[in-house]
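Mapping of the sequence shown onto mature numbering (1 follows the signal peptide of the UniProt record, and there is no 0): residues -19 to -1, 1 to 549, in sequence order.
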Amino acid sequence: MKKKIFSLILITGLLSLNACKDALEYTPTGVLSSSDLTSPTAIDGLVTSAYAAIGNGDMIGPIYSNWVYGSVRSDDAYKGGGGTGDVGEIDALEHYNLVTPTMGSFVTRTWQNLFKSISRCNVALRAVNTLSESNYPNKKIRLAELRFLRAHSYFTMKLLYKNIPIFDETATEEDILKVSNTLSNDESWNKIAADFQFAVDNLPANQAEIGRANKVAAQAYLAKLKLYQAYEQDATHKVTNINKTRLQEVVNLTQAVISSGKYSLSNDIADNFVPETENGPESIFAIQFTINDGTTAGRLSFEDGLNYPHGAPQYGCCGFHAPSQNLVNAHTTDENGLPKFDTFNTGNVDLTSATVDPRLDHTVGIDGHPYKYDNTKPFSNSWVRDAGVYGNFHSMRFQQLATSGSYFKLGPFMGTAKNYDILRYDDILLIQAEAYIELGQQDKALPIINQIRKRASESTARLKKADGTFASKYNVKQYSTTGWTQDFARKALQWERRLEFATEGSRFFDLVRWGIAESTLNAYINVEKAKRTYLATAKFTAGRDEYLPIPQAEITFTNGLYKQNPGY
């Protein structure tokens, strides 16, 4: 399988970082530096290298898959794997027990990997700025692409750590070591927003090469940033105000995306999770991956490589990222095809009799149900690694069949060439609906949410068993105008986001943005620990657990210039 993507060239390998000093200092390990690269062709290679960098995370330092940070830390999923001691740092994250910031693997490595991607952008920006527009006609476009990519990485860091240092391509190594992480929350959002705004102002609406950011993608990302910025937090992460001016900016930006006509919902939500339909109408911006591209193993995504069924012979490892009973229960519907907001979690749902949202079977591997749309090999409880600890459910959205042309097994771990969507059209629709609701214009949100629910109800074609019947009883209907108050609309929006992006890693960040992380997650734990006793000591502490600690190594390296997040 050969994917459409502008070629990654040798510079990608030459610009890896020297991590022995610090992630903030970019020192290429190859023989080339930006001063050696003065031709438009070579500088285009640096831009391509910056695109490559946003996909250069790994299983213990993820930078695009948030299954650890956004799914396991929420009520969507358990860690999974071979018991609580298997990759124990994820267990600590699930228990909200990272009280010592010296834990190295995930928290520190993700920080470093994100700054590596930022550094690649800054190296490329400096190089692009050495050329005139007459020598390099694409100069403004490439500058805008690089600032879009840099903003993407800073945005991710902001969601994870909140208080981060922000510097641009003009900063020298000496300057970087003087940049603190003590900007106000609004100031840091504004700095990141400035990069996205530059991209909006300077990118074309269409790019000839698939994978490059365009103007509409920049508008979409800026809308997402403005939504987060609208929920103003104090120093201890409490939401103190929802800024209506920011919300109107969200509406305007999302409307620009929608009215562009460039994107739409796919007919079936499954199209977002299989390689045959990637870069489709719903994909606004995606990290591009490849296989069979002339290299040994291709350009593959391994960040979800621990999350395949453990007992299935076609996979063999490692059983992480197990959907929670709470998430499965949340998919149940009442006789009117609507969510059971208040009663969904009163017990373990009987999936042989309950009616459910079809998105359940796009998300969760369930005994006897088709796994990843292959009804010849239904999911089996025998595939579960440690059912006694984590139950029998398994994640599915980001897994690919072993028979897929995008699938590659490297030792015990699995990688895929399936692109990774960073921005999708369904997200933009729900971002707009949320802004309308918080502006008190919930009537405008109703048709948007119903559009998402209609698509969900029609996404059943791939879910049939071998005998032509469905393993689940589906019943999803749209909301009526009756009782559609702001409070009810808010609840419906929050529910819709959970099901639409279940196990995709956005849930935790949604809860923090809404200011309901503590109440939601402690209520979840209080019920769930009776079913999953390993959660008995889990407890979310408000004012601390909304964000990861600043890695202690970074604080030490800057001689205390960086300040630790509250509570750590």
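By construction, the Cβ of each residue, glycine as well, lies at the ideal position given by its N, Cα and C atoms.
These numbers come from a predicted model, not from an experiment.
So, under 8 Å CB-CB, residue i and residue j are touching, yes? Tell me the CB distance rounded to an integer number of Å.
{"i": "ALA398", "j": "THR277", "result": "Contact flag wrong, Cβ pair sits at about 14 Å."}
{"i": "ARG488", "j": "SER52", "result": "6 Å"}
{"i": "ILE268", "j": "TYR401", "result": "4 Å"}
{"i": "TYR460", "j": "LEU427", "result": "6 Å"}
{"i": "VAL197", "j": "SER264", "result": "Their Cβ separation, rounded to whole angstroms, is 12 Å, which puts VAL197 and SER264 out of contact at 8 Å."}
{"i": "PRO532", "j": "THR137", "result": "Not confirmed; about 15 Å, so no contact."}
{"i": "PRO290", "j": "HIS375", "result": "6 Å"}
{"i": "GLY69", "j": "ARG366", "result": "That pair is no contact at about 16 Å."}
{"i": "GLY36", "j": "TYR50", "result": "Between TYR50 and GLY36 the Cβ distance is about 17 Å, and since that is not below 8 Å, they are no contact."}
{"i": "LEU502", "j": "PHE521", "result": "4 Å"}
{"i": "THR65", "j": "VAL370", "result": "7 Å"}
{"i": "ILE250", "j": "SER440", "result": "4 Å"}
{"i": "GLY38", "j": "TYR212", "result": "Between TYR212 and GLY38 the Cβ distance is about 26 Å, and since that is not below 8 Å, they are no contact."}
{"i": "TYR135", "j": "ILE24", "result": "That belief does not hold up - the Cβ atoms of TYR135 and ILE24 are roughly 22 Å apart, past 8 Å."}
{"i": "GLU155", "j": "ALA519", "result": "GLU155 to ALA519, Cβ: 44 Å. No contact."}
Please identify the residue among the options whose C-alpha is closest to the C-alpha of residue i.
{"i": "ASN78", "options": "GLU527, PRO304, LYS196", "result": "GLU527"}
{"i": "PHE301", "options": "ASN187, GLY346, GLY449", "result": "GLY346"}
{"i": "THR235", "options": "TYR59, ASP408, GLN188", "result": "ASP408"}
{"i": "residue 550", "options": "LYS544, ASP39, THR153, ILE71", "result": "For residue 550 there is no data in the structure shown, the boundaries of the chain being -19 and 549."}
{"i": "PHE394", "options": "THR313, ALA519, TYR543, PHE283", "result": "PHE283"}
{"i": "ALA368", "options": "PHE136, GLY292, SER387, THR539", "result": "GLY292"}
{"i": "THR163", "options": "ALA152, TYR142, THR153, GLU155", "result": "TYR142"}
{"i": "ARG193", "options": "ARG478, PHE451, VAL255, ILE122", "result": "ILE122"}
{"i": "GLN214", "options": "GLY421, GLY261, LYS139", "result": "LYS139"}
{"i": "THR539", "options": "TYR32, PHE521, ILE157", "result": "ILE157"}
{"i": "GLN422", "options": "GLY496, THR384, ALA470, ASP448", "result": "ALA470"}
{"i": "TRP451", "options": "ASN356, TRP92, GLN188, ILE429", "result": "The sequence given here has Phe at residue 451, not Trp. Measuring from the Cα of PHE451, the nearest candidate turns out to be ASN356."}
{"i": "GLN210", "options": "VAL493, ALA519, LYS520, GLU477", "result": "VAL493"}
{"i": "GLU168", "options": "THR518, LYS358, LYS207", "result": "LYS207"}
{"i": "GLY541", "options": "LEU332, SER305, ALA498, SER161", "result": "SER161"}
{"i": "ARG405", "options": "GLU259, LYS321, ASP274", "result": "GLU259"}
{"i": "VAL309", "options": "ILE536, GLN545, GLU499, THR484", "result": "THR484"}
{"i": "THR327", "options": "GLN306, PHE266, HIS343, THR333", "result": "GLN306"}
{"i": "SER363", "options": "GLY349, ARG443, ILE41", "result": "GLY349"}
{"i": "ASN47", "options": "LEU529, ALA498, GLY486", "result": "GLY486"}
{"i": "ASN171", "options": "ASP274, ALA132, THR344, GLY42", "result": "ALA132"}
{"i": "GLN475", "options": "PRO547, PHE490, GLY464, THR518", "result": "PHE490"}
{"i": "GLY449", "options": "ALA473, GLN467, PRO351, GLU154", "result": "PRO351"}
Where do the N-terminal and C-terminal ends of the beta strand (DSSP E) with residue i fall, by residue?
{"i": "ILE147", "result": "Unbroken run through ILE147: none, as it is neither H nor E."}
{"i": "GLU213", "result": "212 to 214"}
{"i": "PHE394", "result": "394 to 397"}
{"i": "ALA267", "result": "264 to 268"}
{"i": "GLY61", "result": "58 to 61"}
What first and last residue would you give for the alpha helix (DSSP H) that runs through residue i?
{"i": "ARG227", "result": "225 to 240"}
{"i": "ARG405", "result": "Taken as a continuous stretch (DSSP letters only), ARG405 belongs to no alpha helix (DSSP H), being part of the beta strand (DSSP E) at 401 to 405."}
{"i": "LEU391", "result": "It is not in any alpha helix (DSSP H) - LEU391 instead sits in the beta strand (DSSP E) that spans 388 to 391."}
{"i": "HIS133", "result": "120 to 142"}
{"i": "LYS435", "result": "423 to 438"}
{"i": "GLY26", "result": "21 to 34"}
{"i": "LEU74", "result": "69 to 75"}
{"i": "ASP491", "result": "488 to 495"}
{"i": "TYR505", "result": "498 to 509"}
{"i": "GLU155", "result": "154 to 157"}
{"i": "ASN456", "result": "Segment: none, ASN456 is in no alpha helix (DSSP H) and carries neither H nor E."}
{"i": "TYR371", "result": "368 to 371"}
{"i": "ASN253", "result": "Looking at the DSSP string, ASN253 is not in any alpha helix (DSSP H), and its letter there is neither H nor E."}
{"i": "ILE536", "result": "533 to 538"}
{"i": "TRP92", "result": "86 to 109"}
Looking at chain D, is there any beta carbon in it that lies within less than 8 Å of the beta carbon of residue i?
{"i": "PHE490", "result": "Protein chains in the displayed structure number just one, and chain D is not present."}
Say whether the segment 281 to 298 touches the segment 375 to 395, bearing in mind that this needs 3 or more beta-carbon pairs closer than 8 Å, one atom from each stretch.
They touch, by the three-pair rule.
Does the count of Cβ pairs from the segment 231 to 247 and the segment 503 to 515 closer than 8 Å reach three?
Taking a cut-off of 8 Å on C-beta distances, the segment 231 to 247 does not touch the segment 503 to 515, as fewer than three cross pairs fall below it.
Can you find at least 3 beta carbon pairs, one from the segment 98 to 118 and one from the segment 147 to 155, that sit closer than 8 Å?
The segment 98 to 118, when compared against the segment 147 to 155, does touch it at the 8 Å Cβ threshold.
Looking at C-beta atoms only, is the number of pairs between the segment 414 to 431 and the segment 315 to 329 that lie closer than 8 Å three or more?
Between the segment 414 to 431 and the segment 315 to 329, the count of Cβ pairs shorter than 8 Å is below three; the stretches do not touch.
So, does the segment 103 to 115 touch the segment 55 to 67, judging by three or more C-beta pairs under 8 Å?
No, the segment 103 to 115 is not in contact with the segment 55 to 67.
For the 8 Å Cβ check, are there 3 or more pairs between the segment 174 to 181 and the segment 124 to 132?
Yes, they touch.
Touch test, the segment 385 to 392 against the segment 180 to 187, Cβ-Cβ under 8 Å, three pairs minimum
Put simply, the segment 385 to 392 does not touch the segment 180 to 187. Fewer than three CB pairs are less than 8 Å apart.
Are the segment 454 to 467 and the segment 320 to 340 touching, with three or more C-beta to C-beta distances below 8 Å?
Result yes; three or more Cβ-Cβ pairs closer than 8 Å.
Check whether the segment 212 to 229 and the segment 197 to 204 touch, using three or more Cβ-Cβ pairs below 8 Å as the test.
These segments do not touch.
With three or more beta-carbon pairs closer than 8 Å as the criterion, would you say the segment 429 to 441 touches the segment 240 to 258?
In this structure the segment 429 to 441 touches the segment 240 to 258; the number of beta carbon pairs closer than 8 Å is three or more.
Quick one: any contact between the segment 18 to 32 and the segment 111 to 123, if contact means 3 or more CB pairs under 8 Å?
Result yes; three or more Cβ-Cβ pairs closer than 8 Å.
Suppose only complete runs of 3+ residues qualify. What are the beta strand (DSSP E) ranges in the segment 298 to 336, listed by chain order?
As for any beta strand (DSSP E) of minimum length 3 sitting wholly inside the segment 298 to 336, the runs are 301 to 304, ordered along the chain.
Sequence ranges, alpha helix (DSSP H) only - wholly within the segment 186 to 214, length at least 4
Runs found: 196 to 211.
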